[in-house]
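Undergrad: One structure, as structure tokens, below. Some questions next.
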Amino acid sequence: MLKTDIKNLTLQGLESYISGLGKERFRAKQIFKWLYQMDAASFEEMTNVSKEFRVMLGEIAQISNLTPEVVEASEDGTRKYLFRLSDGSAVESVLIPDEGRNTLCISSQVGCAMGCAFCLTGSFGLSRNLTTAEIVNQVCAVKRDQPVSNIVFMGMGEPLANLKAVIPAVQILTDPDGFQFSTRKVTVSTSGLVPEMAELGRGCTVNLAVSLNATTDEVRNRIMPVNRRYPLAELLAACKAFPLPSRRWITMEYVMIRDLNDSLDDAKRLVRLISNIPSKVNLIPFNEHEGCDFKCPTQESIDRFHKYLLDKNVTVITRSSRGSDISAACGQLKGRLDQAGCAPKECGCEG
Ligand code: SAH
Ligand code: SF4
1 MLKTDIKNLT LQGLESYISG LGKERFRAKQ IFKWLYQMDA ASFEEMTNVS KEFRVMLGEI
61 AQISNLTPEV VEASEDGTRK YLFRLSDGSA VESVLIPDEG RNTLCISSQV GCAMGCAFCL
121 TGSFGLSRNL TTAEIVNQVC AVKRDQPVSN IVFMGMGEPL ANLKAVIPAV QILTDPDGFQ
181 FSTRKVTVST SGLVPEMAEL GRGCTVNLAV SLNATTDEVR NRIMPVNRRY PLAELLAACK
241 AFPLPSRRWI TMEYVMIRDL NDSLDDAKRL VRLISNIPSK VNLIPFNEHE GCDFKCPTQE
301 SIDRFHKYLL DKNVTVITRS SRGSDISAAC GQLKGRLDQA GCAPKECGCE G
């Protein structure tokens, strides 16, 4: 018999599962705390649950876990974890310490189907979605090594193409009986899947980051195929409608590529586009990689763009390339480290 992996279940799911076994629903909260607050690896450890029920659970359910195969530490404190999954594929998570925060960038898919021209992940296509358990287990594993204060879904994959697993994962991360992250400390990033943005907002409370990356449909169509389905006007309307946690702003990510989207006119258009959306801008200078002719902008054009936004009272940060010495910066994640014939996976991450 295939055992149920209880790390795939939200608290509500676990309550239904337990009542389906003829047991008290409140046991679910106890078990949830054991899993995500005490990091229990077996039902045996759950000493406030009756021995008989623990034995029963051990027979029909399992507690999955991930152990990093490789952990690399950057000179700047960034740590990169490679996780081998049960089917042999691999994903990476990156922990970025910054001003008292420890932000963990997690993956939601093996590969990605969205095909953005600047991101090598796109050229690999999608291998498969991660399960909820595989998503939350990245957090369990890193927490065993280091404290984690913030979570961003900015590793491998398009989280909104895997909402079936991502919404339960966000619920487990923010559940007061689960990981207990504040909804303000968890951010899901999307390339702009408009209907799924609304679905995410209905399914959980979480911060949203949108990879805008261009200020005209013409340029965005060229670098992000998703824009042909959901052009800028629709994307920005969906941003405006998104139900954020209280007093929060949408993060507009903007990968700056030399001579493509780094002009002062782009900066002007960007200010206009986001003027009626509570938002802040993250400028990410393009991380160059083989297989892509795009170039990183000059420091001068990054500074000019940044200053224009500041002068227009837009909250803006330019992301420094963290962890580049261990290939952990945006566009440097390698999810398939040792598979023969496979070029390194490049993916954006909060680097
Ligand atoms: N699929 C989601 C989340 C993962 S990508 C999304 O696209 O939003 C996270 C961020 O990294 C995105 O903003 C993406 O635009 C950026 N990114 C991807 N490749 C990059 C590269 N080579 N250099 C800099 N940023 C990159
Ligand atoms: Fe996928 Fe995001 Fe990379 Fe686009 S930028 S290919 S959506 S991971």
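Quick note: the sequence shown, position 137, residue 137 per the UniProt record's numbering, numbers continuous. No residue lacks a Cβ here, since even glycine has one placed at the ideal position from N, Cα and C.
#1: Do you know whose CA, among PRO97, ALA161, ALA133 and VAL136, lies nearest GLY125's CA?
#2: Write down every uninterrupted run of the beta strand (DSSP E) in the region 188-272 whose length is 3 residues or greater and which is fully enclosed by it, in chain order.
#3: Tell me the DSSP secondary structure of LYS7 in three-state form.
#4: Within 7 Å: the Cβ of MET56 and any heavy atom of ligand 2?
#5: Assign LEU14 to one of three DSSP states: helix, strand, or coil.
#6: Let me check understanding here. Comparing Cα to Cα, which of TYR81, CYS140 and LEU35 lies closest to VAL94?
#7: Quick one: grab the DSSP three-state call for ASN313.
#8: Can you tell which of CYS296, ILE257 and ASN313 has its C-alpha closest to the C-alpha of LYS280?
#9: Any heavy atom of ligand 2 closer than 7 Å to the CB of CYS105?
#10: If I follow the unbroken beta strand (DSSP E) through ASN282, where does it start and stop?
#11: Using CA coordinates, which residue listed in LEU11, CYS296, LYS23 and GLY77 is at the minimum distance from GLY323?
#12: By Cβ distance below 8 Å, which residues in the same chain neighbour ARG258 in space, the five residues on each side in sequence not counted?
#13: State the Cα-Cα distance for the pair GLY20 and VAL148, rounded to the nearest angstrom.
#14: Which same chain residues, not among the five before or five after ALA340, have their C-beta less than 6 Å away from its C-beta?
#15: With DSSP as the reference, label LEU337 as helix, strand or coil.
#16: Less than 6 Å between C-beta atoms, sequence neighbours within five positions excluded: which residues of the same chain meet that for GLY203?
#17: Check whether the Cβ atoms of ALA90 and LYS3 sit closer than 8 Å, and answer yes or no.
#18: Which residue from ALA133, ASN213 and ASN150 puts its Cα closest to that of VAL188?
#19: Cβ of GLY20 versus every heavy atom of ligand 1: is any distance shorter than 7 Å?
#20: Skipping 5 residues on each side, what residues in its chain have a beta carbon closer than 7 Å to that of GLU199?
#21: If you run the structure through DSSP and keep just helix, strand and coil, what is SER301?
#22: Just how far apart, CA to CA, sit ASN48 and LYS29?
#23: Using the rule of at least 16 other Cβ atoms within 10 Å of the residue's Cβ for burial, across every protein chain shown, is MET38 buried or exposed?
#24: Determine the DSSP secondary structure at SER19, reduced to helix, strand or coil.
#25: Given this structure, state the Cα-to-Cα distance separating TYR230 from LEU57, to the nearest angstrom.
TA: By the coordinates alone:
#1: If we check each option's Cα against that of GLY125, ALA161 comes out closest.
#2: 207-211 and 250-256, all fully within the region 188-272.
#3: Of the three classes helix, strand and coil, the one that applies to LYS7 here is helix, per DSSP.
#4: Relative to ligand 2, even the nearest heavy atom lies 7 Å or more away from the CB of MET56.
#5: DSSP places LEU14 in helix when its eight states are reduced to three.
#6: The option with the nearest alpha carbon to VAL94 is TYR81.
#7: Coil, per DSSP.
#8: Residue ASN313 is the option with its Cα nearest to LYS280.
#9: CYS105 Cβ: outside cutoff for every heavy atom of ligand 2.
#10: ASN282 -> beta strand (DSSP E) spans 279-285.
#11: The candidate whose alpha carbon is nearest that of GLY323 is GLY77.
#12: Result list for ARG258: PHE286, PHE294, LYS295, CYS296, PRO297, THR298 and SER301, in chain order.
#13: The straight-line gap from Cα to Cα measures roughly 34 Å.
#14: Interpretation of ALA340 is limited by its pLDDT of 31, a score under 50 that renders its predicted location unreliable; no figure is taken from the coordinates.
#15: In this prediction, LEU337 has a pLDDT of 43, which is less than 50 and means its spatial position is unreliable; nothing more can be read from the coordinates.
#16: Non-local C-beta neighbours of GLY203 in its own chain, meaning closer than 6 Å and more than five positions away in sequence, comprise ILE167, ordered along the chain.
#17: No, these two residues do not count as a Cβ contact at 8 Å.
#18: It is ASN150.
#19: Incorrect: GLY20 has no Cβ contact closer than 7 Å to ligand 1.
#20: These residues qualify, in order along the chain: LEU163.
#21: Here SER301 sits in helix by DSSP.
#22: Their Cα atoms are separated by approximately 11 Å.
#23: Exposed, by the Cβ-count rule.
#24: Judged by DSSP in its simplified three-state form, SER19 adopts helix.
#25: Their Cα atoms are separated by approximately 46 Å.
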